[in-house]
Amino acid sequence: MSPVLAGVLQLLALVVALGLAHRPLGDYMAGVYSSDKHLRVEKWIYKGIGADPGAAMRWPAYLRGVLAFSAASMLFLYLLQRIQGSLPGSLGFRSIDPDQAFNTAASFVANTNWQSYSGEQAMGHVVQTAGLAVQNFVSAAVGIAVAVALVRGFARTRTGDLGNFWADLVRGVVRVLLPLSVVGALVLVACGVIQNFSGIHGVGQFLGGEQQWNGGAVASQEVIKELGTNGGGYFNANSAHPFENPNPVSNLFEIFLILVIPFALTRTFGTMVGSVRQGYAILATMAAIWLGFTALMMWTEFHHGGPAFDLAGGATEGKETRFGIGGSALFATSTTLTSTGAVNSFHSSYTGFGGGITMLGMQLGEIAPGGVGSGLYGMLIMAIIAVFIAGLMVGRTPEYLGKKIGTREIKLAACYILVTPALVLGFTGASMALDTPKNSLLNGGAHGFSEILYAFTSGANNNGSAFAGLAADTQWFNTTIGLAMLLGRFLPMVFVLALAGSLAGQQPVPKTAGTLRTEKPLFTGLLVGTITIITGLTYFPALALGPLAEGLAS
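Listed below in structure tokens is the structure:
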């Protein structure tokens with residue numbers, strides 16, 4: 089079988105699996121977040137944290153819950169790292185330095201999981217399981233909760249009630265993420281992913297020294313890292329490591345985990361607003377972008393541009409032979425079009441245009457299908473911009489799902505769109521202007537610029553993958569990328585929840601002959617065009633200095 093055909097067959101198998109899971113999972117999550125009943129274990133949790141799950145929350149109260157919980161989570165994770173050297177099960181590792189502990193705490197709480205350290209050489213079992221793995225669950229649940237709050241803003245009328253953050257958080261963990269993670273972890277163990285609490289042990293002599301590995305609860309952390317679009321690897325090689333991703337079957341299953349909840353949330357959205365066709369329109373937009381990026385990436389990496397590529401059958405540098413170019417390209421586009429950031433190959437080794445595709449996937453806002461929750465609310469913000477543009481073209485007040493998009497709504501949507509590019513381009517420019525950050529570059533020229541641009545794109549968009557080649561464990565990058573991750577996560581949530589509150593307080597607008605049919609293919613095309621143009625105008629100059637210049641020169 090040719091490598092190209094193998095890649096296409098993997099893509100088709102993935103599409104079929106996602107299609108089979110879309111409706112049942114989407115409807116299940118709609119039921120979870122619409123129910124007024126609480127499980128017994130949930131009641132215990134509410135009692136333990138002192139929360140009233142039945143209290144109605146307007147958007148400021150909902151936002152305070154998000155920020156308070158996230159701040160407490162960050163403080164706990166920071167302190168856990170700082171005292172690691174005194175904890176049992178630390179495997180002899182020392183406590184984490186303050187700047188790296190801040191960066192890691194910000195990273196995992198912001199659902200980014202950027203890592204400026206080697207997991208198997210820095211983090212013991214307690215920090216990995218009680219700290220990082222727990223944040224993989226709760227940070228993902230926070231993202232889903234905010235998305236559900238925005239959906240309620242569209243679904244409800246003449247009320248400021250967006251639901252209860254604590255109920256949404258707990259249900260997301262207990263009813264959605266935990267059950268799926270248990271099943272997924274069993275599948276990964278069956279595929280060969282390790283799950284133990286083994287210490288450090290030698291595996292043989294290599295190059296005059298002993299090679300050592302440590303075990304860990306890898307399968308249980310691997311499944312939620314992918315399912316919750318987190319991305320932080322137990323090992324430095326991430327999903328390229330055979331203990332995390334041993335074979336093509338586990339590789340395809342991990343890609344499925346990355347995509348299944350973000351795609352299924354479009355069904356949840358359609359069900360909760362009372363029109364599944366609206367959900368299908370959002371799904372079609374996400375799927376069109378994801379399939380387009382995947383096809384473009386495969387073409388780029390299989391393209392034979394010289395004798396070396398001809399002999400190897402494509403751009404094989406930095407890719408695991410057990411996955412091949414197709415499996416690597418499919419993973420790369422899926423992980424950068426979501427906020428996952430896990431990698432099974434090294435994006436710095438991709439062709440110039442291939443590296444640019446991974447970067448552009450994040451710069452779209454990671455909305456195709458995006459992270460758990462964040463992808464849906466990001467796409468809905470883009471839908472609001474699209475109906476606003478359509479309204480300008482026909483001279484009509486824009487409406488979406490029966491809600492008028494007025495001055496307040498479009499200002500909030502515009503602020504959401506502007507935050508991330510400002511962080512990415514601002515921090516990238518500062519890093520290129522100063523000497524100290526540039527000393528961390530492995531490469532010069534366009535590729536060196538891409539290393540820094542990719543780092544801040546990954547951080548501010550809460551992706552977490554790295555371009556490789558950048559020595560990011562410095563005070564400058566730990567601090568600035570940490571700030572980019574926090575601001576890139578929580579500032580947009582402020583605008584999303586404020587928008588949800590504004591929409592929930594409106595009276596529905598009746599449909600007329602002039603109402604834009606947002607469930608039709610025409611709107612899907614308009615939405616894809618809006619996303620492409622906004623991103624292109626924002627990032628094109630920076631991309632031209634990095635991956636585009638490198639691709640044209642090769």
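Read in order, the letters of the sequence shown are residues 89 to 642 in my numbering.
A virtual CB, placed ideally from N, CA and C, is assigned to each residue, including glycine.
Query: Residue from R484, A592 and I569 with nearest C-alpha to D187; Result: I569
Query: Cβ-based neighbour list, V92, same chain, cut-off 8 Å, excluding 5 preceding and 5 following; Result: M386, F390 and G414
Query: Secondary structure of K492, DSSP reduced to three states; Result: strand
Query: For I349, the nearest candidate out of V337, R365 and V311 (CA to CA); Result: V311
Query: Burial state of I232 (16 or more Cβ within 10 Å); Result: buried
Query: Reference G42, options A149, S546, L558 and S123, closest by Cα; Result: The question about residue 42 has no answer, for the chain in this structure spans 89 to 642.
Query: Cα-Cα separation between T643 and W564, rounded to whole angstroms; Result: What is shown of the chain runs 89 to 642, which leaves residue 643 out entirely.
Query: Span separating the alpha-carbon of P635 from that of A586; Result: 36 Å
Query: Whole-Å CB distance - L379 paired with T354, under 8 Å assumed; Result: That belief does not hold up - the Cβ atoms of L379 and T354 are roughly 15 Å apart, past 8 Å.
Query: Test item: CB-CB of I473 and G463 under 8 Å; Result: no
Query: Under the three-state DSSP convention, the category E497 falls into; Result: helix
Query: Length of the line joining the Cα atoms of G136 and G142; Result: 15 Å
Query: Nearest-angstrom Cα separation, counted from E405 out to L399; Result: In this prediction, L399 has a pLDDT of 49, which is less than 50 and means its spatial position is unreliable; what the coordinates show is noted afterwards. Approximately 12 Å between the Cα atoms of the pair.
Query: Cβ pair R577, N199 closer than 8 Å; Result: yes
Query: Bridge partner(s) assigned by DSSP for I314; Result: It should be noted that the sequence gives Glu, not Ile, for residue 314. Its beta-bridge partners do not exist; DSSP assigns none.
Query: Inter-stretch contact at 8 Å, needing at least 3 Cβ pairs: the segment 220–228 / the segment 193–209; Result: yes
Query: Length-filtered (3 minimum) beta strand (DSSP E) runs lying within the segment 513–572; Result: none
Query: Element boundaries [alpha helix (DSSP H), containing H110]; Result: P91 to S122
Query: Inter-residue spacing [alpha-carbon to alpha-carbon] between A641 and E539; Result: 17 Å
Query: Endpoints, the alpha helix (DSSP H) within which R170 is located; Result: W147 to R170
Query: Span separating the alpha-carbon of V96 from that of E607; Result: 30 Å
Query: Paired residues, beta bridge with I288 - DSSP; Result: N302
Query: Closest residue to L167 among L425, S158, S183 and R496 (Cα-Cα distance); Result: S183
Query: DSSP three-state assignment for S204, whether helix, strand or coil; Result: coil
Query: Pick from R152, F285 and N224 that is closest to W254, judged by C-alpha positions; Result: R152
Query: Beta-carbon proximity of V230 to S158, cut-off 8 Å; Result: yes
Query: Distance, A601 Cα to L575 Cα; Result: 42 Å
Query: Cβ distance (whole Å) where E314 is taken to contact Y322 below 8 Å; Result: E314 to Y322, Cβ: 12 Å. No contact.
Query: Simplified DSSP state of E487, which is helix, strand or coil; Result: strand
Query: Buried or exposed (CB count within 10 angstroms, at least 16 for buried), S427; Result: buried
Query: Whether G459 touches N531 by CB criterion (8 Å); Result: no
Query: Residue of A325, P330, Y465 and I445 minimising C-alpha distance to F381; Result: I445
Query: The segment 497–516 touching the segment 617–637, judged by at least three CB pairs closer than 8 Å; Result: yes
Query: Extent of the continuous alpha helix (DSSP H) to which K131 belongs; Result: R128 to I137
Query: Buried versus exposed, by CB contacts within 10 Å (16 or more), A560; Result: buried
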